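Worksheet: the structure to be examined is printed underneath.
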Amino acid sequence: MTQDMQADWPVRQLMVHRAENLRVVHGVNEGEPLADAAELLPEDVYELSDDARPRPLALAQVPGGAFAVGARTDAGTPGAKICLDSLVTFMSADGSTVEAVILVELEPGTDLIAAVHVHPFAPMMPKVPYTLVTIDRDGARARLAESATVSFTRGTRITMADGRQVPVEDLAPGDRVLTRDSGPQEVRWTGMQTVRAEGDFAPIRIRAGALHNMGDLVVSPNHRLFIYQRISALGAGQRDLLVRAGLLVNGTSVTRTPGGFVDYVQVLFDHHEIIYAEGIAAESLFADPATRGALPDAIARELDARPLRDAVQGAFELRESDLLARGDAVEVLRRISAN
């Protein structure tokens, strides 16, 4: 696999621990590290080592649906095949649970295991006992796709084609929603998941007015907001900006809200669109290879037959490095997008 080939693959950065840093401290496999599902036993108790530090693994989706380590990665060997082995659930002594995907890296050209990585969906603390309670060999792909989807939360008001504000959970296929670039468009599909609001799934709350939104806007961390610069101030070279909600957390007007459970709602159109949520522009679900595993099979098959159209392809997406030197990024974005 050449570097040029890898550059064209869709890539996600996952924070992973080395399996060697998560070992059984009590149980049948005492002393052994976390392994692939064939070697795991429920009720074994694991602890994360004191020196364990998660590292980014570039997970690339190869044409045909397989996975490999991407070209720019801290964990794993670029080009090596990755198997999404299983979805496991750990429980700590206080009854809280942590889900994690086990990723098995293979030796080039063989089916031999080169390394095992674990991506927890919520933080795991060193020296805390975690009991392995479930092992799901079929759930890893869908759960990973769900964590990549962009979602609104129950109660978010969406602007309809006729100007009404409708809670996102009340949308149904065929409803006409106002889009920024394509006028009124019919909803193709909506989905809802109730998940524990921790780690990758902890929602981001944007307080009313922070970005000219008329009410609190609560979305998933990866949800991209669309900002039109009326004053060019970020050196982007263009007016249209995108920013992921999770990058805007400042502890005051934008906060991460972990704890309990959250109802996430996805809205899908025939094509990727920019719609209006609590009065400001935000993306709909983009059914790319990273998220299609979260869709019903029939919908995914229909979309596979269509070319992808990204509604924000020409926009400049702000990265963390673009915002670090700007002080309160929320205030900067609010100011440059003011009428």
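Counting from 8, one number per residue, gives the positions in the sequence shown under the working numbering.
Glycine included, C-beta positions come from ideal geometry on N, C-alpha and C.
For clarity, every value in this text was computed on a predicted model and none was experimentally measured.
1) Give every residue of the same chain whose Cβ lies closer than 6 Å to the Cβ of residue 9, excluding the five residues on either side of it in the sequence, and list them in chain order.
2) Assign residue 57 to one of two classes, buried (16 or more other C-beta atoms within 10 Å of its C-beta) or exposed (fewer than that).
3) Run through the DSSP bridge pairs and tell me what residue 125 is partnered with.
4) Assuming residue 43 contacts residue 111 under a Cβ cut-off of 8 Å, what Cβ separation, rounded to an integer in Å, is found between them?
5) Quick one: Cα of residue 29 to Cα of residue 45, how far?
6) Which residues bound the alpha helix (DSSP H) around residue 60?
7) Under the rule that 16 or more other beta-carbon atoms within 10 Å means buried, what is residue 88, buried or exposed?
8) Considering only the beta carbon of each residue, do residue 27 and residue 129 sit closer than 8 Å?
9) Taking the C-alpha atoms as reference points, what is the distance between residue 49 and residue 271?
10) On the three-pair Cβ rule with 8 Å, is the segment 247 to 263 touching the segment 125 to 141?
11) According to DSSP, simplified to helix, strand and coil, what is residue 326?
12) Contact check, residue 275 vs residue 305 under 8 Å by CB: the rounded distance?
13) Give the straight-line distance between the Cα atoms of residue 31 and residue 170, rounded to the nearest whole angstrom.
14) May I ask you to list the residues that DSSP assigns as paired with residue 287?
15) Could you tell me the distance, in whole angstroms, from the CA atom of residue 41 to the CA atom of residue 322?
16) For residue 179, which of helix, strand or coil comes out of DSSP?
17) To the nearest angstrom, how far is it from the Cα of residue 12 to the Cα of residue 118?
18) Return the first residue and the last residue of the alpha helix (DSSP H) that residue 152 is part of.
19) Are the CB atoms of residue 156 and residue 298 within a distance shorter than 8 Å?
20) Determine whether the beta carbon atoms of residue 133 and residue 59 lie at a separation below 8 Å.
21) Distance check for residue 113 and residue 85, CA to CA, integer angstroms please.
22) Could you tell me whether the segment 217 to 225 touches the segment 190 to 204, using the rule of 3 or more Cβ pairs below 8 Å?
23) In angstroms with no decimal places, state the Cα-to-Cα distance between residue 288 and residue 38.
24) If we cut at 8 Å on Cβ distances, does residue 32 have a partner in chain C?
25) Starting from residue 311, trace the alpha helix (DSSP H) both ways and give me its first and last residue.
26) State the CB to CB distance for the pair residue 160 and residue 337, rounded to an integer number of angstroms; the pair is presumed to be in contact (CB under 8 Å).
27) Determine, using beta carbons only, whether residue 343 and residue 237 come nearer to each other than 8 Å.
28) Per DSSP, residue 88 is paired with what?
29) In whole angstroms, what separates the C-alpha of residue 260 from that of residue 235?
30) Let me know if residue 76 comes out buried or exposed under the rule of 16 or more other beta-carbons within 10 Å of its beta-carbon.
31) To the nearest angstrom, how far is the alpha carbon of residue 19 from that of residue 150?
Taking the coordinates as given:
1) In this predicted model, residue 9 has a pLDDT of only 47, less than 50, meaning its place in the structure is not dependable; the value taken from the coordinates is given anyway. If you ignore the 5 residues before and after residue 9, its C-beta comes within less than 6 Å of no other C-beta in its own chain.
2) Burial call: exposed.
3) In DSSP, residue 125 forms a bridge with 24 and 109.
4) Residue 43 to residue 111, Cβ: 5 Å. Contact.
5) Note on geometry: alpha-carbon atoms of residue 29 and residue 45 lie some 17 Å from one another.
6) Looking at the DSSP string, residue 60 is not in any alpha helix (DSSP H), and its letter there is neither H nor E.
7) Result: buried.
8) Not closer than 8 Å, so no.
9) In a straight line, the C-alpha of residue 49 is about 30 Å away from that of residue 271.
10) Short answer: they don't touch.
11) Residue 326: coil per DSSP, three-state reduction.
12) Approximately 13 Å separates the beta-carbon atoms of residue 275 and residue 305; this is outside 8 Å, ruling out the contact.
13) Those two C-alpha atoms are separated by around 57 Å.
14) As a beta-bridge residue in DSSP terms, residue 287 pairs with 284.
15) Between residue 41 and residue 322, the alpha-carbon positions lie close to 42 Å from each other.
16) Looking at residue 179 - three-state DSSP - the assignment turns out to be coil, as it is neither helix nor strand.
17) No answer about residue 12 holds up, because its pLDDT of 45 lies below 50 and its placement is not dependable.
18) 147 to 155 is the span of the alpha helix (DSSP H), which, as asked, contains residue 152.
19) Yes, they are a contact pair.
20) For residue 133 and residue 59, yes; Cβs fall inside 8 Å.
21) Rounded to the nearest angstrom, the gap between the Cα atoms of residue 85 and residue 113 is 11 Å.
22) Cβ pair count under 8 Å is below three, so no.
23) CA-to-CA, the gap between residue 288 and residue 38 works out to about 51 Å.
24) Note that chain C does not occur in the displayed structure, where there is just one protein chain.
25) Residues 304 to 311.
26) No, residue 160 and residue 337 are not in contact; Cβ-Cβ is about 19 Å, not under 8 Å.
27) In this structure, the beta-carbon distance from residue 343 to residue 237 falls below 8 Å.
28) Residue 88 pairs with 75.
29) Here the alpha carbon of residue 260 sits roughly 20 Å from the alpha carbon of residue 235.
30) Buried, by the Cβ-count rule.
31) Their backbone Cα atoms lie some 14 Å apart in a straight line.
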